[in-house]
Amino acid sequence: MALAPPLSYSSFRTYLECPLRWKFLYVDRLPEVPRGYFTFGRVVHTVLEDLLRPLVVPSARRAGPGESQRTLDEWRSGAEAKAPWMTRAELLAAYDRAWTGEGYGSAEEEARYRALGEDLLVRYYDQLLDEQPKPVAVEEHLEARWDGIPIHGYIDRIDRTPAGGLEILDYKTSRELSAEDAKGSDQLSLYQVLVESNYPEPVEGLTLYHLRSLTPHRVPPRDRRHLTHLYDRLGTVSDGIRAEAYEPSPGRHCARCDFRALCPEFRNVPAADQVRLRQLVDQFERLRAEQDRLDDEMTRAAEELHRAAEELGVHRLPGTRSTALRRREETWQYSLDAVRPELEAAGLAERVASGRTEEVRRLVRDPALDPELRRRVAETGARRVRWYWELEGNGERSRTSD
Ligand code: SF4
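Reminder that position 82 of the sequence shown reads as 81 in numbering that gives the first Met the number 0, one-by-one numbering, no gaps.
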């Protein structure tokens with residue numbers, strides 16, 4: 000068993016997408032080909048850090064390493080942060096210093112990105128002069144152990160809210176960004192856990208900030224159920240890394256993977272095996288087509304038998320060697336979205352924490368539960384009835400199609 004290293008958001012996401020790619024990056028430490036849009040994002044973040052750091056008024060931290068900010072003792076007063084604490088010319092000079100042409104496909108592409116960066120930084124700067132944030136940290140590296148799983152991350156900005164809590168903000172230079180992205184962002188969820196583990200104040204908001212449109216997409220902090228879902232997936236990734244489970248997981252992401260030449264998914268078949276394997280693949284293809292044809296035929300025959308049985312009001316249809324028996328199966332389906340508000344109001348949301356329908360069924364059958372609540376939960380269910388055929392012959396029964 001290997002030791003699982005602290006998981007960052009990008010490491011977690013990489014393993015989920017493809018464990019083998021994770022190994023190439025985090026175990027073998029293979030370099031990736033530089034890409035212009037990543038370079039661009041890094042440069043803009045560097046300049047934003049220069050721009051915002053003078054505004055930082057540090058907050059007390061619980062404990063822990065990675066103190067990259069000044070302490071309260073070192074922070075003299077807010078006077079030094081009065082606008083303009085950095086002129087526009089100084090901002091552009093910082094941008095010039097940070098710029099690198101690494102990874103761009105052509106001089107024209109680099110020039111386009113460079114102009115885009117200048118434009119969005121200047122617009123962001125102008126907006127900042129009108130309304131200064133109150134950061135307690137910028138580009139801060141935080142670490143924590145989340146119920147045994149080591150995690151870490153670099154957080155673009157943590158702000159003090161008017162109520163005295165904290166707001167986490169992550170800048171995005173991507174072309175598109177929506178409020179839905181903020182709602183579903185695992186990155187923001189992980190950052191919430193990191194900040195809650197390192198700061199005494201509560202997290203009151205999470206923001207993905209779209210720099211191209213100067214739009215903050217703000218959402219409330221995640222609730223326990225949301226975080227538990229992320230924790231479970233982090234646990235799966237952490238277990239996989241400890242077990243050194245590095246299987247390739249091919250998909251659309253392979254198109255931007257730099258390790259295809261090393262990946263078994265993309266390795267060529269040796270010449271000596273090509274003829275034999277081509278024949279096997281052709282045979283497999285024929286069998287699959289035949290199987291699909293038989294499945295369709297079976298479904299049509301079963302439907303015709305159901306129609307005949309309903310018209311005649313019978314449930315046994317004799318054949319030459321077997322008898323077809325019409326069987327009924329009844330199940331109840333529950334919508335967790337409909338059930339959850341009832342259970343939250345009763346303080347029982349934990350009973351459906353995993354989100355499985357079986358948990359709701361268990362609740363409905365639980366005699367210890369308030370009968371009125373059981374009735375209301377049961378009413379959210381929908382009955383599903385399905386008919387299917389069994390074949391009976393020579394004393395044996397076999398289940399067949401619907
Ligand atoms: S090519 Fe695809 S399957 Fe292979 S390592 Fe890269 S991402 Fe994974």
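From the three backbone atoms N, C-alpha and C, an ideal C-beta is built for every residue, glycine too.
Practice prompt. Could you pull the start and end residues of the beta strand (DSSP E) that leucine 324 belongs to?
Written response: Taking the first residue of the sequence shown as position 1, residue 324 is located at position 325. In the DSSP annotation of this structure, the continuous segment of the beta strand (DSSP E) that includes leucine 324 starts and ends at 322-333.
Discussion item. Could you give the first and the last residue of the continuous beta strand (DSSP E) run that contains histidine 209?
Written reply: Locating residue 209 in the sequence shown gives position 210, where the first residue counts as 1. That run of the beta strand (DSSP E) goes 202-209.
Worksheet item: By how many angstroms is the C-alpha of aspartate 146 removed from the C-alpha of threonine 160?
Response: Counting from 1 along the sequence shown, the entry for residue 160 is found at position 161. Counting from 1 along the sequence shown, the entry for residue 146 is found at position 147. Spanning the two alpha carbons is a distance of roughly 28 Å.
Worksheet item: glutamate 66 to aspartate 155, Cα distance in whole Å?
Response: Sequence index remark: in the sequence shown, residue 66 carries index 67 (1-based). Sequence index remark: in the sequence shown, residue 155 carries index 156 (1-based). Bear in mind that a pLDDT of 48 at glutamate 66, under 50, signals an unreliable position, so the number given afterwards is only what the model happens to contain. Distance between the alpha carbons of glutamate 66 and aspartate 155: 14 Å.
Fill in: valine 46 versus valine 121 - alpha carbon distance
As a working note, residue 46 is residue 47 in the sequence shown. As a working note, residue 121 is residue 122 in the sequence shown. Roughly 11 Å separates the two Cα atoms.
Practice prompt. Quick one: measure Cβ to Cβ for proline 215 and threonine 227, integer angstroms, because I've assumed they're closer than 8 Å.
Written response: Locating residue 215 in the sequence shown gives position 216, counting from the first residue. Locating residue 227 in the sequence shown gives position 228, counting from the first residue. Not a contact, Cβ separation roughly 27 Å.
Item to complete: Using the beta-carbon of each residue, find all residues closer than 6 Å to any heavy atom of ligand 1 and list them in chain order.
Response: Ordered along the chain, residues surrounding ligand 1 are Cys17, Leu19, Arg20, Pro247, Ser248, Pro249, His252, Cys253, Cys256, Phe258, Arg259, Cys262, Glu264, Phe265 [Cβ under 6 Å from any heavy atom].
Item to complete: Could you tell me whether the Cβ atoms of leucine 119 and leucine 15 are closer together than 7 Å?
Response: Residue 119 sits at position 120 when you count from the first residue of the sequence shown. Residue 15 sits at position 16 when you count from the first residue of the sequence shown. A distance of 7 Å or more separates the beta carbons of leucine 119 and leucine 15.
Discussion item. Tell me the rounded alpha-carbon separation between glutamate 303 and glycine 392.
Written reply: Sequence index remark: in the sequence shown, residue 303 carries index 304 (1-based). Sequence index remark: in the sequence shown, residue 392 carries index 393 (1-based). The C-alpha of glutamate 303 lies about 21 Å from the C-alpha of glycine 392.
Discussion item. Suppose you measure from the CA of leucine 51 to the CA of glutamate 89; what does that come to, to the nearest Å?
Written reply: Sequence index remark: in the sequence shown, residue 51 carries index 52 (1-based). Sequence index remark: in the sequence shown, residue 89 carries index 90 (1-based). Each residue's alpha carbon lies about 13 Å from the other.
Practice prompt. State the start and end residues of the unbroken beta strand (DSSP E) segment that holds glutamate 32.
Written response: Within the sequence shown, residue 32 is the residue found at index 33, counting from 1. It is worth fixing the name first, because residue 32 is valine in this sequence and not glutamate. Per DSSP, valine 32 belongs to no beta strand (DSSP E) and is neither H nor E.
Discussion item. With distance defined between alpha-carbon atoms, name the residue in Thr99, Arg111, Glu138 nearest to valine 55.
Written reply: One-based indexing of the sequence shown puts residue 55 at position 56. For valine 55, the closest C-alpha among the options Thr99, Arg111, Glu138 is that of Glu138.
Discussion item. For aspartate 95, report the span of its alpha helix (DSSP H) as first-last.
Written reply: Taking the sequence shown and counting its residues from 1, one reaches residue 95 at position 96. From DSSP, the alpha helix (DSSP H) with aspartate 95 extends over 87-97.
Worksheet item: When the Cα of threonine 356 is compared with those of Pro134, Ala337, Gln191, which residue comes out closest?
Response: Reading the sequence shown from its first residue, position 357 is the one you call residue 356. For threonine 356, the nearest C-alpha among the options comes from Ala337.
Practice prompt. Going by DSSP, name the residue or residues bridged to leucine 165.
Written response: Mapped onto the sequence shown, residue 165 falls at position 166. Leucine 165 is bridged to Arg159, Val202.
Practice prompt. Would you kindly report the start and end of the unbroken beta strand (DSSP E) that includes leucine 316?
Written response: Within the sequence shown, residue 316 is the residue found at index 317, counting from 1. First-last of the beta strand (DSSP E) with leucine 316: 315-317.
Worksheet item: Relative to the C-alpha of proline 263, which residue among Leu19, Pro4, Pro370 is closest?
Response: Within the sequence shown, the letter at position 264 stands for residue 263. Closest by C-alpha distance to proline 263, out of Leu19, Pro4, Pro370, is Leu19.
Discussion item. For leucine 293 and tryptophan 388, which I take to be in contact (beta-carbon distance under 8 Å), what is that distance rounded to the nearest angstrom?
Written reply: Walking along the sequence shown from the start, residue 293 turns up at place 294. Walking along the sequence shown from the start, residue 388 turns up at place 389. Their Cβ separation, rounded to whole angstroms, is 15 Å, which puts leucine 293 and tryptophan 388 out of contact at 8 Å.
Worksheet item: In angstroms, rounded to a whole number, what distance separates the CA positions of proline 34 and glycine 100?
Response: The sequence position of residue 34 within the sequence shown is 35, counting from 1. The sequence position of residue 100 within the sequence shown is 101, counting from 1. The sequence given here has arginine at residue 34, not proline. Arginine 34 and glycine 100 have their C-alpha atoms some 10 Å from each other.
Fill in: When Glu203, Glu195, Arg217, Glu309 are compared against leucine 176, the one with the closest alpha-carbon
For the purposes of this step, residue 176 is identified with residue 177 of the sequence shown, where counting begins at 1. The residue with the shortest Cα to Cα distance from leucine 176 is Arg217.
Worksheet item: Measuring CB to CB, does isoleucine 157 end up less than 7 Å from valine 135?
Response: As a working note, residue 157 is residue 158 in the sequence shown. As a working note, residue 135 is residue 136 in the sequence shown. Taking 7 Å as the Cβ cut-off, isoleucine 157 and valine 135 qualify as a contacting pair.
Practice prompt. State yes or no: is the beta carbon of glycine 204 nearer than 7 Å to at least one beta carbon in chain D?
Written response: In the displayed structure, chain D is absent; only one protein chain is listed.
Worksheet item: What is the residue span of the alpha helix (DSSP H) that alanine 301 lies within?
Response: Looking up residue 301 in the sequence shown gives position 302. The continuous alpha helix (DSSP H) containing alanine 301 extends over residues 270-311.
Item to complete: Count the other C-beta atoms from every protein chain shown that fall within 10 angstroms of the C-beta of threonine 235, then say buried if there are 16 or more, exposed otherwise.
Response: Walking along the sequence shown from the start, residue 235 turns up at place 236. Flag for threonine 235 reads exposed.
Discussion item. Counting C-beta neighbours from all protein chains within 10 Å, is the total for threonine 403 16 or more, i.e. buried, or is it exposed?
Written reply: Shown here, the chain extends from 0 to 401; a query on residue 403 therefore has no answer.
Worksheet item: According to DSSP, what are the bridge partners of proline 149?
Response: What you label residue 149 is simply residue 150 of the sequence shown in a count that begins at 1. DSSP lists Arg144 as partners of proline 149.
Worksheet item: In chain order, what residues of the same chain have a beta carbon less than 7 Å from the beta carbon of aspartate 180, not counting five sequence neighbours either side?
Response: In the sequence shown, counting from the first residue as 1, residue 180 sits at position 181. Answer for aspartate 180: Leu207, His216, listed in chain order.
Worksheet item: So, helix, strand or coil for lysine 171, using DSSP?
Response: Taking the first residue of the sequence shown as position 1, residue 171 is located at position 172. DSSP places lysine 171 in strand when its eight states are reduced to three.
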